[in-house]
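Here's the structure we're looking at; comments come further down.
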Amino acid sequence: TLAKVTMEPESTVALTLKFLGEPLVALGIAVLAATVCLGWANGLSRDHVGGTLRKSLAPIAVLLLTIGAGGGLKQTLLDAGVSQTISKVAEGAQMPYLLLAWLIAVAL
471 TLAKVTMEPE STVALTLKFL GEPLVALGIA VLAATVCLGW ANGLSRDHVG
521 GTLRKSLAPI AVLLLTIGAG GGLKQTLLDA GVSQTISKVA EGAQMPYLLL
571 AWLIAVAL
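Residues 471 to 578 in the working numbering are what the sequence shown spells out, letter by letter.
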């Protein structure tokens, strides 16, 4: 945000900061920094650090796939206009929110 206020939007520094601020890039840099600072700097071998990283991916794989599928479904519903229809139906429904949410989930 400071770069947006103080720099020209198309300057090299602003574009570089924008790139580094993208979520995937920032998370990738954080993983690399953690690997260096917590792994190799503490004397752990490359194989040990790599094995730890590989073992840590298996438990979260299903979670990552579920979140990705949910994001894809959301965008599909928005693009198809289904979300607008659900919104209009929900506005006129005279029922508890929990029941309404359950019925919408069943319908989808």
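Think of the CB as a built atom: it goes at the ideal place given N, C-alpha and C, for glycine as much as any other residue. Please read these numbers as outputs of a predicted model, since none were measured by experiment.
Close-in-space but distant-in-sequence residues of the same chain around residue i (CB under 6 angstroms, 5 per side omitted)
i, result
"LEU487", "ALA473"
"ALA613", "Because residue 613 is not part of the residues shown, which for the chain are 471 to 578, the question remains open."
Length of the line joining the Cα atoms of residue i and residue j
i, j, result
"ALA571", "LEU535", "23 angstroms"
"ILE556", "ILE574", "8 angstroms"
"ALA550", "GLY521", "43 angstroms"
"LEU578", "ASP517", "45 angstroms"
"VAL483", "VAL501", "23 angstroms"
"LEU485", "MET565", "49 angstroms"
"VAL576", "LEU533", "21 angstroms"
Residue i - DSSP class collapsed to helix/strand/coil
i, result
"GLU492", "coil"
"ALA539", "helix"
"SER557", "helix"
"PRO529", "helix"
"GLY551", "coil"
Close-in-space but distant-in-sequence residues of the same chain around residue i (CB under 7 angstroms, 5 per side omitted)
i, result
"VAL552", "none"
Extent of the continuous alpha helix (DSSP H) to which residue i belongs
i, result
"TRP510", "Counting along the chain, TRP510 falls outside any alpha helix (DSSP H), and DSSP gives it neither H nor E."
"LEU570", "567 to 577"
"LEU514", "Per DSSP, LEU514 belongs to no alpha helix (DSSP H) and is neither H nor E."
"ALA473", "472 to 476"
Integer-rounded CB distance, given that residue j should sit under 8 angstroms from residue i
i, j, result
"VAL519", "THR505", "6 angstroms"
Cβ neighbours of residue i in the same chain (closer than 8 angstroms, five flanking residues each side left out)
i, result
"SER515", "none"
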